[in-house]
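Participant: Here the protein sequences line up with chains A and B, keeping their order.
Residue numbers are given in numbering that gives the first Met the number 0: position 51 of the first sequence equals residue 50, and the series is strictly consecutive.
Residue numbers are given in numbering that gives the first Met the number 0: position 139 of the second sequence equals residue 138, and the series is strictly consecutive.
Following this message is one structure expressed as structure tokens.
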Amino acid sequence: MGLTVLLVDDSLFMRNMLRGILEEEGYEVIAEAVDGVDAVRKYREFRPTVTTMDIVMPVKNGIEALREIRVLDANACVVMCSAVGQESLVHAAHEAGACDFILKPFNPERVKEVIKRVAGA
Amino acid sequence: MDMSPYRDLFISESREHLRAVSELIVKMEQETGSRADVDALFRAAHSLKGMAASMGYGEIAELSHRIEDIMDRVRKEELVFDGGIADLLLEGADLLEMMITDVANELQSVRDIGDLVQRLATYRPGAEGVAAADGRDNAAVAPTARHGQPSSATPLHGEPDRYGDASTVRVRTEVLDHLINITGELITNKHRLMTVGRELASPLLDEATVELSRLLRDLHTEVLLVRLVPFSTIADRFPRVVRDLAKKIGKEIVFEVDGKGIELDRGILEGLSDPLVHILRNAVDHGLESAGERRACGKPLQGRIRLIARREKDQVVVVVEDDGRGMDPARLVATAIEKRLVSPEAGRLMSAREAFMLTCIPGFSTAREVTDVSGRGVGMDAVRSTVQALGGNLTIESELGKGSSFILRLPLTIAIINVLLVRLARITVAIPVTSVQRTVELRRDLISSRGKQKVFDFDGEPLPLLSLNRVLGLPHSHAGELLSLFVSELKGRRVGLVVDGFIGQQEIFVKPLGRPLASMKGLGGGAVLGNGEVVFILDVANIL
């Protein structure tokens, strides 16, 4: 079975961009979610291999969503996407069980590298 | 990485964020902002920064970053959101809007953000007035006229919480226009088939056309639905318009918008933006009294303007109401007579309703009313023509001392409209049903004379009779026992327009007229009927 990815970001622009990068590498983007609540729901439904999770989102932020997903599935592999200057959030995400980080703006090579690494683990 | 495929999306999504930013700033300045609004503002700036950085637009990212920073400080309660911050952030939003417009126009950005970035970074409460007073901010920021300008990149859904739904797709607006055009042509063709069917008397063909009609109705409905956008698409920028103007002329105003979720055809909505801005500006500038005057009348010092959109059957009604000084019908009539816009005789007969409509006659607006704010060359006459061109109509209600309401009634959709087909001598013309208040078959003995004018009694009001044939330069015998006429509004006055006969009501697909016909007053477009006959659609309010 191929590797599936759930994209979580409130920005359609960001989702499209990530999708472009990942699909070029042959990954299957199985679903997209637009906020933390949506992310948990879609995770439960699709059980993706990897989830990319934006931190700053409406309704429920990425760290809270990460915690809930880890409760659903202790082995969930969630990669957090954060901007420069969010070090304290990165720390909180790490505590909550994030398996890796991608810095925004996305560097396609770095994105591919991280997804490949976490998917292989 | 080639970012060009993401450019359009960047532009439209950024604009949505900026619209939300402006709306939130104004809301917070009026002290109605909540914690959730602070967070939303922060997130909008944050998203903008992330997108701009991804696209490689360093300056947009930098400026967004500064706005995000200041909102982060507000969020952490290190700063109190005050008027100074609101001004700075709005200035920032304007500058960002211009920079994004530059991106959209593929212009190399030459905007200088340095000064504003500096002021954002060093903002301290109470210190901003000094920086703004030396005029530097004017150099950094051009006027805000382009703010929120509709563009082809305007997304289908304007509400920030809807665009993100992964189950929707974005469609270019031209595609939507094309769809409605095709649907219109299909409806014209259906009428052609029905005409042929009647001649052939073929039951099988009739059956097929009936089925076709049903399918077309469904298609028409669906096409209209996808063209609908919420009122908020344009309404979200109005608080800003009102706020800026109120601040400029030193009035305190509470502005409320109701019915943001009401949906209208995007073509109509875009056309409504300028008229509404004009009416709102009028309300702020003329409608509402100064604080001193309000105090003297025992009114609350803060003036109140409400913008309301609501559905009424197959129409959308948009109302701008203020609690200001209202209008005096007698004074309006006196001014119109003085300016020779109406005869003293006609003036005497005018109802209050008609008197208010005098403000929409070209040349009515007096020179002393032309201030820096409202005197922009778009008068109420332009407002009314625009509303009528959109297939709607405008009425005004007012009570002296209590306030005025401007009521715009609009069809849900353009391009396909219901018309009354009438016969004038040997030709057929179409009258939009929105321009027809009632059709009447009038017995000749019910006509009386007032001077040279023939009038008839209409709900207790004597209405003048005019021959539409004569107005259009056609033969006008109007023979027969009964006169066919319809009641409509001309230059603020209700009149009975006499025709040679009614043919019926029909749905038609409006085609714009090319030059030189398009510039003829009184013509609103053309259409092809089922029998192939080409008819003109009259713009009744402007036939004289």
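Glycine included, every Cβ here is placed at the ideal spot set by N, Cα and C.
(1) Secondary structure at B/Leu409, three-state DSSP: helix, strand or coil?
(2) Using a Cβ cut-off of 8 Å, pull out every chain C residue sitting near A/Lys103, in sequence order please.
(3) Look up A/Ala80 in the DSSP assignment and say whether it is helix, strand or coil.
(4) Pick out whichever of B/Val498, B/Lys490, B/Asn530 and B/Val241 has its Cα sitting closest to the Cα of B/Gln505.
(5) For chain B, is any of its Cβ atoms less than 7 Å away from the one on A/Val39?
(6) On the three-state DSSP scale, how would you describe B/Ser212?
(7) One question on the structure: do B/Ile261 and B/Arg310 come within less than 7 Å of each other, judged by their Cβ atoms?
(8) What's the C-alpha gap between A/Ile54 and A/Glu24?
(9) Mapping DSSP to helix, strand and coil, what is B/Ser150?
(10) Could you check the C-alpha separation between B/Ile416 and B/Glu292 for me, to the nearest Å?
(11) Who are the neighbours of A/Ser10 on chain B, taking C-beta pairs under 8 Å?
(12) Against chain A, does B/Ala152 count as a neighbour if the rule is that its beta carbon must be under 7 Å from one of theirs?
(13) Give the residues of chain A in contact with B/Ala39, contact being defined as C-beta atoms less than 8 Å apart.
(14) Based on Cα-Cα distance, which residue from B/Pro361, B/Pro328 and B/Gly362 lies nearest to B/Gly346?
(15) Do you know whose CA, among B/Ile395, B/Leu204, B/Val386 and B/Glu61, lies nearest B/Phe355's CA?
(16) Starting from B/Phe508, follow its DSSP beta bridges and name the residues at the other end.
(17) Mind checking if A/Ala82 is an interface residue toward chain B, Cβ cutoff 7 Å exclusive?
(18) Around the C-beta of B/Asn104, are 16 or more other C-beta atoms found within 10 angstroms, so that it is buried, or is it exposed?
(19) Identify the contact partners of A/Asn15 in chain B, using a Cβ-Cβ distance below 9 Å as the criterion.
(20) Cβ of A/Pro47 less than 7 Å from any chain B Cβ?
(21) Find the residues of chain A that neighbour B/Arg42, judging by a C-beta separation of less than 8 Å, and give them in chain order.
(22) Determine the direct distance from the alpha carbon of B/Asp243 to that of A/Asp9, and round the result to whole angstroms.
(23) Any contact between the segment 237-257 of chain B and the segment 211-227 of chain B? By contact I mean 3 or more CB pairs, one from each, below 8 Å.
(24) So B/Met98 contacts chain A; which residues on that side make the cut at Cβ distance below 8 Å?
(25) Would you decide whether B/Gly57 is buried or exposed? Buried here means 16 or more other CB atoms lie within 10 Å of its CB.
(26) Hey, could you find the ends of the beta strand (DSSP E) A/Asp99 is sitting in?
(27) Would you kindly work out how many angstroms separate the C-alpha atoms of B/Val283 and B/Leu106, rounded to a whole number?
(28) Under a three-way DSSP split, which group does B/Ile261 fall into?
(29) Compute the distance between the beta-carbons of B/Phe524 and B/Val509, then report whether it is under 7 Å.
(30) Our contact map puts A/Leu2 next to A/Thr48 with C-beta atoms below 8 Å; I'd like the distance itself, whole angstroms only.
(31) List the DSSP bridge partners of B/Lys453.
(32) Would the beta-carbon of B/Glu22 fall within 7 Å of that of B/Asp273?
(33) Can you grab the Cα-Cα spacing for the pair B/Gly270 / B/Thr358, in whole Å?
(34) So, does the CB of B/Met70 fall closer than 7 Å to a CB anywhere in chain A?
(35) For B/Ala478 and B/Leu268, what's the separation of their Cα atoms in angstroms?
(36) List the whole-angstrom C-beta distance separating B/Ala44 from B/Ile59, where the pair is believed to meet the contact cut-off of C-beta under 8 Å.
Facilitator: In this structure, then:
(1) B/Leu409 sits in a strand when the DSSP states are folded into three classes.
(2) This model lacks chain C altogether, as its protein chains are A and B.
(3) According to the sequence displayed, residue 80 of chain A carries Cys and not Ala. Three-state result, A/Cys80: strand.
(4) The residue with the shortest Cα to Cα distance from B/Gln505 is B/Asn530.
(5) Cβ-Cβ to chain B under 7 Å: no for A/Val39.
(6) In this structure, B/Ser212 counts as helix in the three-state DSSP scheme.
(7) Yes.
(8) In a straight line, the C-alpha of A/Ile54 is about 24 Å away from that of A/Glu24.
(9) Here the model assigns B/Ser150 a pLDDT of 37, short of 50, so the residue's position is not dependable, and the following value carries that caveat. B/Ser150 sits in coil when the DSSP states are folded into three classes, being neither helix nor strand.
(10) Distance from the CA of B/Ile416 to the CA of B/Glu292, rounded to the nearest whole angstrom, comes to 46 Å.
(11) For A/Ser10, the chain B residues whose Cβ falls inside 8 Å of its Cβ are Glu12, Ser46, Gly49, Met50 and Gly163, in order along the chain.
(12) Reliability fails at B/Ala152, whose pLDDT of 37 lies under 50, so the model's placement of it is uncertain and no value is given.
(13) Chain-order list of chain A residues neighbouring B/Ala39: Pro57, by C-beta distance under 8 Å.
(14) When only C-alpha atoms are compared, the closest one is B/Pro328.
(15) Of the listed residues, the one whose Cα sits closest to B/Phe355 is B/Ile395.
(16) Its beta-bridge partners are B/Ile415.
(17) Output row for A/Ala82: interface = yes.
(18) Taking all protein chains in view, the Cβ of B/Asn104 is surrounded by fewer than 16 other Cβ atoms within 10 Å, so the residue is classified as exposed.
(19) Neighbours of A/Asn15 on chain B, chain order: Pro4, Tyr5 and Leu8.
(20) Among the CB atoms of chain B, none fall inside 7 Å of the CB of A/Pro47.
(21) What B/Arg42 touches in chain A: Asp9, Val55, Met56 and Pro57.
(22) Our two residues, A/Asp9 and B/Asp243, have alpha carbons roughly 31 Å apart in a direct line.
(23) In the pairwise beta carbon analysis, the segment 237-257 of chain B is classified as not touching the segment 211-227 of chain B: fewer than three pairs are separated by under 8 Å.
(24) Those within 8 Å of B/Met98 in chain A number zero; the least Cβ separation is about 16 Å.
(25) By the 10 Å Cβ count, B/Gly57 comes out exposed.
(26) Unbroken beta strand (DSSP E) run through A/Asp99: Asp99 to Lys103.
(27) Put simply, the backbone Cα of B/Val283 is about 36 Å away from that of B/Leu106.
(28) When DSSP states are grouped into helix, strand and coil, B/Ile261 belongs to the coil group.
(29) Residue identity differs from the one stated: residue 524 of chain B is Gly in this sequence, not Phe. Contact: yes.
(30) With 8 Å as the limit, A/Leu2 and A/Thr48 qualify as a contact, their Cβ atoms being about 5 Å apart.
(31) B/Lys453 pairs with B/Ser448.
(32) In terms of Cβ geometry, B/Glu22 and B/Asp273 do not form a close pair [threshold 7 Å].
(33) When rounded, the distance between both Cα atoms is 21 Å.
(34) Not one beta carbon of chain A lies nearer than 7 Å to the beta carbon of B/Met70.
(35) It is roughly 44 Å from the alpha-carbon of B/Ala478 to the alpha-carbon of B/Leu268.
(36) 11 Å between Cβ atoms; not a contact.
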